[in-house]
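Chemist: The listed protein sequences correspond, in order, to chains A and B. In this text, residue positions in the first sequence follow our numbering: the first is -15, and each later residue adds one. In this text, residue positions in the second sequence follow our numbering: the first is -15, and each later residue adds one. Note that the Cβ used here is the ideal one computed from N, Cα and C, for glycine as well. Note that the structure is predicted; figures quoted are calculated from it, not measured. Can you keep this structure in mind? I'll have questions shortly.
Protein chains: 2
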Amino acid sequence: MSKQSIERFEENSKNKLSDQAHHVFDEAISLEKVGQNRFKGRAHPAYENMVGPFGGVTAAVLLQSVLQHPDCIGDPIALTVNYASPVALADFEIESHAVKTNRSTQHWMISLIQEGEVVASATAVIAKRRDTWSTHEAQPPKDVPAPESIQRMSPEGRFTWFGRYDIRVIDADSAVLDEVERDHSETSVWMRDYPPRPIDFLSLTGLCDVFFPRIFIRRRKRVPIGTVSMTIYFHADRDSLLKQSDQYVLGTARANRFRNGFFDQSAEVWSRDGELLATTHQIVYYKE
Amino acid sequence: MSKQSIERFEENSKNKLSDQAHHVFDEAISLEKVGQNRFKGRAHPAYENMVGPFGGVTAAVLLQSVLQHPDCIGDPIALTVNYASPVALADFEIESHAVKTNRSTQHWMISLIQEGEVVASATAVIAKRRDTWSTHEAQPPKDVPAPESIQRMSPEGRFTWFGRYDIRVIDADSAVLDEVERDHSETSVWMRDYPPRPIDFLSLTGLCDVFFPRIFIRRRKRVPIGTVSMTIYFHADRDSLLKQSDQYVLGTARANRFRNGFFDQSAEVWSRDGELLATTHQIVYYKE
Chain A
-15 MSKQSIERFE ENSKNKLSDQ AHHVFDEAIS LEKVGQNRFK GRAHPAYENM
35 VGPFGGVTAA VLLQSVLQHP DCIGDPIALT VNYASPVALA DFEIESHAVK
85 TNRSTQHWMI SLIQEGEVVA SATAVIAKRR DTWSTHEAQP PKDVPAPESI
135 QRMSPEGRFT WFGRYDIRVI DADSAVLDEV ERDHSETSVW MRDYPPRPID
185 FLSLTGLCDV FFPRIFIRRR KRVPIGTVSM TIYFHADRDS LLKQSDQYVL
235 GTARANRFRN GFFDQSAEVW SRDGELLATT HQIVYYKE
Chain B
-15 MSKQSIERFE ENSKNKLSDQ AHHVFDEAIS LEKVGQNRFK GRAHPAYENM
35 VGPFGGVTAA VLLQSVLQHP DCIGDPIALT VNYASPVALA DFEIESHAVK
85 TNRSTQHWMI SLIQEGEVVA SATAVIAKRR DTWSTHEAQP PKDVPAPESI
135 QRMSPEGRFT WFGRYDIRVI DADSAVLDEV ERDHSETSVW MRDYPPRPID
185 FLSLTGLCDV FFPRIFIRRR KRVPIGTVSM TIYFHADRDS LLKQSDQYVL
235 GTARANRFRN GFFDQSAEVW SRDGELLATT HQIVYYKE
C-alpha cells in the first residue's frame, strides 16, 4: 500500500472509528468462514511492521478463528503462537480445529496458511471457568504516574502499526537508543488501542506483543529481531474485561537471558485498577 | 502394572541404571520410528502420576520425536505442550512434522495419539545458534544451601514418578500441608534425575515439570489439579548442558494469579554454577 493510500486509509478510519464495530483492529482480524474449520482473511496494511504485519495482530486473528468457530465452548485460557515465517501483506487462510473437548477445557490447533505454506501455527486452550478460591500473587509496579501525565509516544517515523496504539512509556530513558548498555531491560508502559477500543480477549492478545524488544532496551540500540514464539495466559475473564472498557492497561516486561541469537521476555498486563489481566512470554531471535 | 511388578521393575532398574544408555528415563522416552513422521512409544509405569504418566516425561517424549527426527536441524529453543486428556499407561503414537524450515529456525507440530485421539499436542522450535552478544539478566536465588546439606524428599507414599527424581526442597516449610494459607508460593528446589543421569534437553524438559503445584504451596493443601499447557524456553545450548553432567540443578517457581479454576506458574532452572538453563511457564487447572 502506498503512503498516499495509507494516509487515505487513516483519514477514512478517523471518521468511522468511534464505535467498536468499525475499529480498524476489528477490520484487521475479521475472518470469513469458508469451510468447516477454514477461514479466509487478509493481512491489514494498517498494522504493517518491518516485514509483514505486527505479530500481535497475527496472534489475535489466530485466536479469532477459535473464538468465532461454532465449536468453541468458552473463553481463552492459553494461546501459543509460533511465527514460522513473515506473513505477506496479502490474503491468508486459517485452519483451526478443536483436537479435544473436555467438560471444562478445549484444545485447539491452528495454522495460518499463505501460498500453501504454514507461515504461523498456534495452539489455544479454551475453558469454561467456574467460581473457586482465587487470589493475586504478583503485584503491579508501584508509583506509576497516570497515563494522562505522560505523552503518547509519537508514531512519526515508526512502523505503521505504531499508529494503531497509544503507548506511553513510563521510564522515558528506556526508549533512548544511545548505544550505552543498560544493566536490565525491565520497563513499564501504559497502552491501549488507538483510537480507544473496549478491550476484549482479541485486543488483549494484540497488546501482549506491543512491548519493545528487550534487546533494544538493554543495549540501547536496534538490532534485527523477530519473535519466534509467544505464549499468553489469560487471567481475566469476560466480565473483568468488559469492566475495563477502553481504559489504558499497564504492561511490565523484562528479559531473563540473551544467549547466542535468542532472548526471552516475560511480561504482565494489568488493568488500571490493579487486576492482572494476562501474563505473556516470548522468545525472540536476534542477530549480532 | 501391579505393585509387585513395579517393585520388580525397580529392583531390575537399580542394577542397570549406572550408565545413561540404560537409565529408566531413556527407556521412558524411547521411540520407534514407524513412518516418515510417525513414532511408536509406550507410557512408562516408572513415571506414573495421579492419572497417567508424569507430565514432564510426556513433554520429553514429545520433544524426543523432534530431536530424533531425521529432518531436525538443531537444538530446541522453545517447546509448548498442551495436555488435552490423561495419557493412558499404554502404547501411543506420536506424529511430528516440521511445518517450516528456515535458515536458522525450524517449526514443528506434534501430536500424541492413543486410540485414535489426540491426548497431547505440542509445538517446538528448533534452532541453529550462532555466537552473538549475550548476557544474563535474571539472577539465581541467593544464599541457597548446598544440595548435600538438605535431605532428599522421601518418595515414600507418593506417586511413582517421585522416585525417579532426587528433589531437595530448600524451604522445608513450603512442603507442609497444614491448610494454613501462605502469602506467596515462591519456592526453590534442588533437583536431578534419580539415579543421577547427565542432563540433556530431554531430561531438562522433564525437570521443568517437577515443581509442586503452586496451589498446594499457597494454600498448604492438596486440591485436584492438572497442567493444561506448559512452555519451556531453552537458554542452555548443548555445550553448557554437557558441562553440567549429572549435577543438581536449582529451580525457582512462583505463581502470578489464581483465578476461577486456573493458575499460572513461572519458573527458572539454574545450573549449580549460576547459568540459567531454562525458563518455563505453565497454566494449571484446579478445582475448588
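What do you reckon, are the CB atoms on T89 (chain B) and T215 (chain B) nearer than 7 Å?
Modeler: Going by C-beta atoms, T89 (chain B) is not nearer than 7 Å to T215 (chain B).
Chemist: Residues of chain B with CB under 7 Å from L260 (chain A), in chain order?
Modeler: The contacting residues are N240, R241.
Chemist: Measure the alpha-carbon distance for I154 (chain A) versus V128 (chain A) and round it to whole angstroms.
Modeler: Straight-line Cα distance between these residues: approximately 7 Å.
Chemist: At 3 residues or longer, and completely inside the stretch 165 to 203 of chain A: list those beta strand (DSSP E) runs for me, N to C.
Modeler: The stretch 165 to 203 of chain A contains these whole beta strand (DSSP E) runs: 171 to 177.
Chemist: Contact criterion: CB-CB distance below 7 Å. Does N(-4) (chain A) meet it with respect to chain B?
Modeler: The pLDDT assigned to N(-4) (chain A) is 48, lower than 50, so where the model puts this residue is not dependable; a value taken from the coordinates is nonetheless given after this. No, N(-4) (chain A) does not count as interfacial toward chain B.
Chemist: Let me see if you follow: with CB-CB separation under 7 Å, is R113 (chain B) close to chain A or not?
Modeler: Yes - at least one Cβ of chain A is within 7 Å of the one on R113 (chain B).
Chemist: Do the CB positions of A44 (chain A) and G141 (chain A) come within less than 7 Å of each other?
Modeler: In this structure, G141 (chain A) does not lie closer than 7 Å to A44 (chain A) by Cβ.
Chemist: Under a Cβ-count criterion, where at least 16 other Cβ atoms within 10 Å of its own Cβ denotes burial, should H168 (chain B) be classed as buried or exposed?
Modeler: Result: exposed.
Chemist: Here's a check: name, in chain order, each residue in its chain whose Cβ is nearer than 6 Å to the Cβ of L75 (chain A), leaving out the five neighbours to either side.
Modeler: The amino acid occupying residue 75 (chain A) in the given sequence is Asp; Leu does not appear at that position. Only R26 meet the Cβ criterion.
Chemist: Throw me the rounded Cβ distance for the A12 (chain A) and I61 (chain A) pair, which I believe falls under 8 Å.
Modeler: A12 (chain A) to I61 (chain A), Cβ: 24 Å. No contact.
Chemist: With DSSP run on the structure shown, which of helix, strand or coil describes T264 (chain B)?
Modeler: If DSSP states are grouped into helix, strand and coil, T264 (chain B) belongs with the strands.
Chemist: Using the three-state DSSP reduction, which class does S255 (chain A) fall into: helix, strand or coil?
Modeler: If DSSP states are grouped into helix, strand and coil, S255 (chain A) belongs with the strands.
Chemist: Excluding sequence positions up to five away, which residues of its chain have a Cβ less than 7 Å from the Cβ of R204 (chain B)?
Modeler: Correct list, in chain order: V160, L161, D162, E163, V164, E165, R166.
Chemist: Give me whichever residues DSSP pairs with K346 (chain A) in a beta bridge.
Modeler: Here chain A has residues from -15 to 272 only, and residue 346 (chain A) is not among them.
Chemist: How about M137 (chain B): is its C-beta nearer than 7 Å to some C-beta of chain A?
Modeler: No, because no Cβ of chain A sits closer than 7 Å to the Cβ of M137 (chain B).
Chemist: Quick one: what's got a C-beta closer than 8 Å to D230 (chain B)'s C-beta in the same chain, skipping five residues either side?
Modeler: Hits under 8 Å: R176, D177, P180, R181, P182, I183.
Chemist: Determine, using beta carbons only, whether T85 (chain B) comes closer than 7 Å to chain A.
Modeler: So, not an interface residue.
Chemist: Where do the ends of the beta strand (DSSP E) carrying D59 (chain B) lie?
Modeler: Segment 59 to 67, the beta strand (DSSP E) holding D59 (chain B).
Chemist: Just to confirm, are K144 (chain B) and A104 (chain B) a CB contact at a threshold of 7 Å?
Modeler: Strictly speaking, residue 144 (chain B) in this sequence is Thr, with Lys absent from that position. Contact: no.
Chemist: Where does S133 (chain A) land, buried or exposed, given buried means 16+ other C-beta within 10 angstroms?
Modeler: By the neighbour-count rule (16 or more Cβ atoms within 10 Å), S133 (chain A) is not buried but exposed.
Chemist: Going along chain B in order, which residues have a C-beta closer than 8 Å to the C-beta of A74 (chain A)?
Modeler: Neighbours of A74 (chain A) on chain B: none; closest Cβ ~17 Å, over 8 Å.
Chemist: Tell me which residue opens and which closes the alpha helix (DSSP H) that D223 (chain B) is part of.
Modeler: Unbroken alpha helix (DSSP H) run through D223 (chain B): 222 to 228.
Chemist: For the alpha helix (DSSP H) that contains G210 (chain A), what are its first and last residues?
Modeler: No alpha helix (DSSP H) holds G210 (chain A); the beta strand (DSSP E) holding it covers 209 to 218.
Chemist: Going straight from the alpha carbon of A122 (chain B) to that of V253 (chain B), what length do you get?
Modeler: If I take the Cα positions, the gap works out to 11 Å.
Chemist: If you measure from the beta carbon of G39 (chain B) to each beta carbon in chain A, is any gap under 7 Å?
Modeler: Answer no: the Cβ-Cβ gap between G39 (chain B) and chain A never drops below 7 Å.
Chemist: Any Cβ of chain A within less than 7 Å of the Cβ of D184 (chain B)?
Modeler: No, D184 (chain B) does not count as interfacial toward chain A.
Chemist: Please report the distance separating the alpha-carbon of F246 (chain A) from that of H91 (chain B).
Modeler: One C-alpha to the other measures close to 15 Å.
Chemist: Express the C-alpha separation of D223 (chain B) and D157 (chain B) in angstroms, rounding to a whole number.
Modeler: Each residue's Cα considered, the two are about 36 Å apart.
Chemist: Any beta-carbon of chain A closer than 7 Å to the one on E132 (chain B)?
Modeler: Cβ-Cβ to chain A under 7 Å: no for E132 (chain B).
Chemist: Check this for me: beta carbons of S69 (chain A) and K84 (chain B), under 7 Å apart or not?
Modeler: Yes, the pair counts as a contact, with Cβ atoms nearer than the cut-off.
Chemist: Would you mind reading off the limits of the beta strand (DSSP E) that contains G40 (chain B)?
Modeler: Note, G40 (chain B): premise wrong, no beta strand (DSSP E); alpha helix (DSSP H) at 39 to 51.
Chemist: In three-state terms, what does DSSP make of T89 (chain B)?
Modeler: The answer is strand: DSSP assigns T89 (chain B) an E or B state.
Chemist: Would you report the Cα separation of V233 (chain B) and R256 (chain B), rounded to the nearest angstrom?
Modeler: Straight-line Cα distance between these residues: approximately 6 Å.
Chemist: Measuring alpha carbon to alpha carbon, tell me which of B:I57, B:L226, B:R243 ends up nearest D115 (chain A).
Modeler: When only C-alpha atoms are compared, the closest one is B:R243.
Chemist: Which residues in chain A have a C-beta closer than 8 Å to the C-beta of E101 (chain B)? List them in chain order.
Modeler: Going along chain A in sequence order, the residues near E101 (chain B) (Cβ under 8 Å) are K84.
Chemist: Would you please state the rounded distance, in angstroms, between the beta carbons of M137 (chain B) and R148 (chain B)? I believe it to be under 8 Å.
Modeler: That belief does not hold up - the Cβ atoms of M137 (chain B) and R148 (chain B) are roughly 12 Å apart, past 8 Å.
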